[in-house]
Structure formats: structure tokens, C-alpha cells
Amino acid sequence: MNRIAARVATPNGGKYVRQLCKHWSHKLQTEVDGDTGTVTFPAAVATMAADGYGISITIVGEDRGAVEGLTDVVARHIDRFAFREAPLAYDWQWQEG
Numbered sequence: 003m004n005r006i007a008a009r010v011a012t013p014n015g016g017k018y019v020r021q022l023c024k025h026w027s028h029k030l031q032t033e034v035d036g037d038t039g040t041v042t043f044p045a046a047v048a049t050m051a052a053d054g055y056g057i058s059i060t061i062v063g064e065d066r067g068a069v070e071g072l073t074d075v076v077a078r079h080i081d082r083f084a085f086r087e088a089p090l091a092y093d094w095q096w097q098e099g
């Protein structure tokens, strides 16, 4: 399993997680619980958890290329909702396990 993660600084993370999950819920399976959201893409699953300082994002999937490709998709969509703050800084790091 391939796993990549980033921490994105924003005081509005919970709002963006909820908006993003609602946006994608029309085409993809999504789950929202407070400031935590999960989006199931065909090739990977993105999990986002927000607190008062930012959003922790993790993308996990079998295909490394698909996982890496979703980093840009997720970042662009968050930036779209965070247009007053965008572009936000995403420091994607591959993780073991």
C-alpha cells in the first residue's frame, strides 16, 4: 500500500473539509464526521482531519502513480474553497506502512 501525507496550515480547515466532501459526494463515496472527512476515489482513499491550525491529509492506494496524482487533485480543490488564502502550502511526504 502506498501512503502520502501533508499538513496544510489554515485556521479554516474544518470548513474546507466539509465543503470538499460535500462537493465530491455527488460523484464519489464520502463520509464526514465533524472536521474529519474521507473520500473514496476509484484508485485511492483520501482522509482529511482538521483542527484549529490546519488539515492533515493522507492518501492511500495500491497504485503509487494514482496516489501521487491525487495530491494535485486534492490540493487544487482545497485551494478552490480556500480562495481567500490560496495557494496553501502542501508539503507531501511518502510514508511507510
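Position one of the sequence shown corresponds to residue 3 (our numbering), numbered consecutively onward.
We put the beta carbon where it would ideally sit given N, CA and C, even for glycine.
Count the other CB atoms within 10 Å of the CB of residue i; is the residue buried (16 or more) or exposed (fewer)?
| i | result |
| --- | --- |
| Tyr2 | What the structure shows of the chain is the stretch from 3 to 99, and residue 2 is not part of that stretch, so it cannot be assessed. |
| Gly63 | buried |
| Gly39 | buried |
| Phe85 | exposed |
| Leu72 | buried |
To the nearest angstrom, how far is it from the Cα of residue i to the Cα of residue j?
| i | j | result |
| --- | --- | --- |
| Asp93 | Val10 | 8 Å |
| Gln21 | Asp35 | 12 Å |
| Ile80 | Leu90 | 8 Å |
| Val69 | Gln31 | 17 Å |
Go ahead and pull the three-state DSSP assignment for residue i.
| i | result |
| --- | --- |
| Trp96 | strand |
| Gly63 | strand |
| Ala68 | helix |
Near residue i, which residues of its chain fall below 7 Å by C-beta distance, leaving aside the five closest residues on each side in sequence?
| i | result |
| --- | --- |
| Arg66 | Asn4 |
Once the 5 residues before and after residue i are set aside, which same chain residues still bring their CB inside 6 Å of it?
| i | result |
| --- | --- |
| Ala51 | Thr38, Ser58 |
Just to confirm my understanding: we take residue i, look at its own chain, exclude 5 residues before and 5 after, and list those with CB closer than 8 Å. What are they?
| i | result |
| --- | --- |
| Ala7 | Ser58, Ile59, Thr60, Ile61, Trp94, Gln95, Gln97 |
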